[in-house]
Ligand SMILES: Cc1cc2nc3c(=O)[nH]c(=O)nc-3n(C[C@H](O)[C@H](O)[C@H](O)COP(=O)(O)O)c2cc1C
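In the working numbering, the protein residues as written are -13 to 184.
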């Protein structure tokens, strides 16, 4: 039941602040621990993360602001400004990547599954993100999931020294939950039941 309760309580929390009451190292250790235990095809472990806080976290969201303004112009950016500001107001951001060369190598080693591996790498990285999101909840913290890639990829690579071959997949701001989101609305249960069931 506790596990189900944790699943139910995980939400996309957008009202976050930096007062998390734990050290940056505690967050890094948590993400690293989760990474080790995430399943992946042939145990390829192609998922990667970079945890940003302080100035680095601020710089990431400045990169997002600048990239969006260049793409859509100052006027249209105004409608996104408060949203970006809310991410910048969090304690930090986890960047998720897929190490594409490790997936390419697996395709060479296991050619009969080669067409599946890129999709499976995405799925495995999704499991990683979800597990970290759950672990934030376990620490009493909130998070949400953003996708400003590929717009920001080259600037992120340059600013944070991201290794060649790592492809940015998502950005997860995290922090103390200031104003929790309202209860979720559910339209239907996403499970089909076989007619031959008991
Ligand atoms: C693959 C994936 C991509 C998502 N991308 C975004 C995103 O770019 N921006 C965002 O605010 N939320 C994003 N979300 C979060 C969903 O909008 C959110 O999970 C959904 O509305 C249900 O709300 P909940 O997380 O509170 O349960 C994404 C979720 C998933 C699984």
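C-beta: ideal position from N, C-alpha, C; glycine also.
**Message:** Rounded to whole angstroms, what is the Cα-Cα separation between residue 147 and residue 36?
**Reply:** Those two C-alpha atoms are separated by around 10 angstroms.
**Request:** Measure the CB-CB distance between residue 123 and residue 2 and report whether it falls below 9 angstroms.
**Result:** Against a cut-off of 9 angstroms, the Cβ pair of residue 2 and residue 123 comes out as no contact.
**Asked** According to DSSP, what are the bridge partners of residue 159?
**Response** In the DSSP assignment, residue 159 is bridged to 79.
**Message:** Please return the same chain residues whose Cβ sits closer than 6 angstroms to the Cβ of residue 5, not counting the five positions on each side in sequence.
**Reply:** So the list reads 162, once near-sequence residues are dropped.
**Asked** For residue 8, which of 160, 139, 91, -11 has the nearest alpha-carbon?
**Response** For the set 160, 139, 91, -11, the Cα lying nearest the Cα of residue 8 is the one of 160.
**Message:** When you measure from the CB of residue 95 to every non-hydrogen atom of ligand 1, does any distance come out below 8 angstroms?
**Reply:** For residue 95, the Cβ stays outside the 8 angstroms cut-off from all heavy atoms of ligand 1.
**Request:** Measure the C-alpha to C-alpha separation of residue 78 and residue 173 and round it to an integer number of angstroms.
**Result:** For the pair residue 78 and residue 173, the Cα-to-Cα distance works out to about 33 angstroms.
**Prompt:** Under a three-way DSSP split, which group does residue 3 fall into?
**Reply:** Judged by DSSP in its simplified three-state form, residue 3 adopts strand.
**Asked** Hey, residue 141 and residue 60: beta-carbon distance below 9 angstroms or not?
**Response** In this structure, residue 60 does not lie closer than 9 angstroms to residue 141 by Cβ.
**Asked** Heavy atom of ligand 1 less than 8 angstroms from the Cβ of residue 55, yes or no?
**Response** Taking non-hydrogen atoms of ligand 1 into account, the C-beta of residue 55 is found less than 8 angstroms away from none of them.
**Request:** Run the CB neighbour count on residue 82, radius 10 Å, all protein chains shown included, and call it buried at 16 or more, exposed below.
**Result:** Looking at its Cβ environment, which holds 16 or more other Cβ atoms inside 10 Å, residue 82 is buried.
**Message:** DSSP three-state label for residue 98, please.
**Reply:** Helix at residue 98.
**Asked** Any heavy atom of ligand 1 closer than 8 angstroms to the Cβ of residue 33?
**Response** No, Cβ of residue 33 sits at least 8 angstroms from all heavy atoms of ligand 1.
**Request:** Please determine if the segment -10 to 1 and the segment 40 to 48 are in contact, where contact requires at least 3 C-beta pairs separated by less than 8 angstroms.
**Result:** With the rule of 3 Cβ pairs closer than 8 angstroms, the segment -10 to 1 does not count as touching the segment 40 to 48.
**Message:** Just to confirm, is the Cβ distance from residue 30 to residue 107 under 9 angstroms?
**Reply:** Yes, they are a contact pair.
**Asked** Do you know offhand how far residue 16's Cα is from residue 179's?
**Response** Each residue's Cα considered, the two are about 36 angstroms apart.
**Request:** Please classify residue -11: is it buried, with 16 or more other beta-carbons within 10 angstroms of its beta-carbon, or exposed?
**Result:** Taking every protein chain shown into account, the CB of residue -11 has fewer than 16 other CB atoms within 10 angstroms, so this residue is exposed.
**Request:** Alpha carbon to alpha carbon, how far is residue 165 from residue 55? Give it in angstroms, no decimals.
**Result:** Distance between the alpha carbons of residue 55 and residue 165 is about 28 angstroms.
**Item:** Nearest-angstrom Cα separation, counted from residue 155 out to residue 98
**Value:** Taking the Cα positions, residue 98 is about 26 angstroms away from residue 155.
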